[in-house]
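Asker:
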Amino acid sequence: MKALLLLVAGIGGLIETVAPRAVVRVWTKALYRNAGEAEPREWVYAVARAEGVVVVLGALVGLYGLATADDEAPVDEVPGDSGAAEDA
Numbered sequence: 215m216k217a218l219l220l221l222v223a224g225i226g227g228l229i230e231t232v233a234p235r236a237v238v239r240v241w242t243k244a245l246y247r248n249a250g251e252a253e254p255r256e257w258v259y260a261v262a263r264a265e266g267v268v269v270v271l272g273a274l275v276g277l278y279g280l281a282t283a284d285d286e287a288p289v290d291e292v293p294g295d296s297g298a299a300e301d302a
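Residue 215 is where the sequence shown starts when you use this note's numbering, and the numbers rise one by one after that.
1) For Asn248, tell me which candidate among Arg239, Arg255, Glu256 has the shortest Cα-Cα distance.
2) Roughly how many whole angstroms lie between the Cα atoms of Val269 and Gly279?
3) With distance defined between alpha-carbon atoms, name the residue in Tyr246, Ala244, Val237, Leu277 nearest to Tyr259.
4) Express the C-alpha separation of Leu274 and Pro254 in angstroms, rounding to a whole number.
5) In or out: Leu353 buried (at least 16 other Cβ within 10 Å) or exposed?
6) Can you tell which of Glu251, Ala233, Ala281 has its C-alpha closest to the C-alpha of Val261?
Structure, rendered in structure tokens:
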């Protein structure tokens, strides 16, 4: 489930990186009642692109961490058990 969320976030960040004007336009229409009057400054697009890059990098780091995690512990080994009960 965590991998799916990271993948969706990464795809969203990639879209924001590639097409920041479209993303800003969609968010402007969603957040303002009179979106036609709202005109974002040029730096907003650069910040949106940078945010997309950060989201993509975060998703890639998270997916890499999930892919390389060592989840395979022996089944018969219980954490904290030293085996002293077997000797008695």
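Backbone N, C-alpha and C fix where the C-beta goes; we use that ideal spot for every residue, glycine too.
Answerer: According to the structure data:
1) Position 34 of the sequence shown, counting from 1, holds the residue named residue 248. The residue with the shortest Cα to Cα distance from Asn248 is Arg239.
2) To locate residue 269, count along the sequence shown from 1; it is residue 55. To locate residue 279, count along the sequence shown from 1; it is residue 65. The alpha-carbon atoms of Val269 and Gly279 are separated by roughly 15 Å.
3) Residue 259 sits at position 45 when you count from the first residue of the sequence shown. Residue Val237 is the option with its Cα nearest to Tyr259.
4) As a first step, residue 254 must be located in the sequence shown, where it is residue number 40. As a first step, residue 274 must be located in the sequence shown, where it is residue number 60. C-alpha separation (whole angstroms): 30 Å.
5) This structure does not reach residue 353, given that the chain is present from 215 up to 302, and the question cannot be answered.
6) Indexing the sequence shown from 1 puts residue 261 at position 47. Of the candidates Glu251, Ala233, Ala281, the one whose C-alpha sits nearest the C-alpha of Val261 is Ala233.
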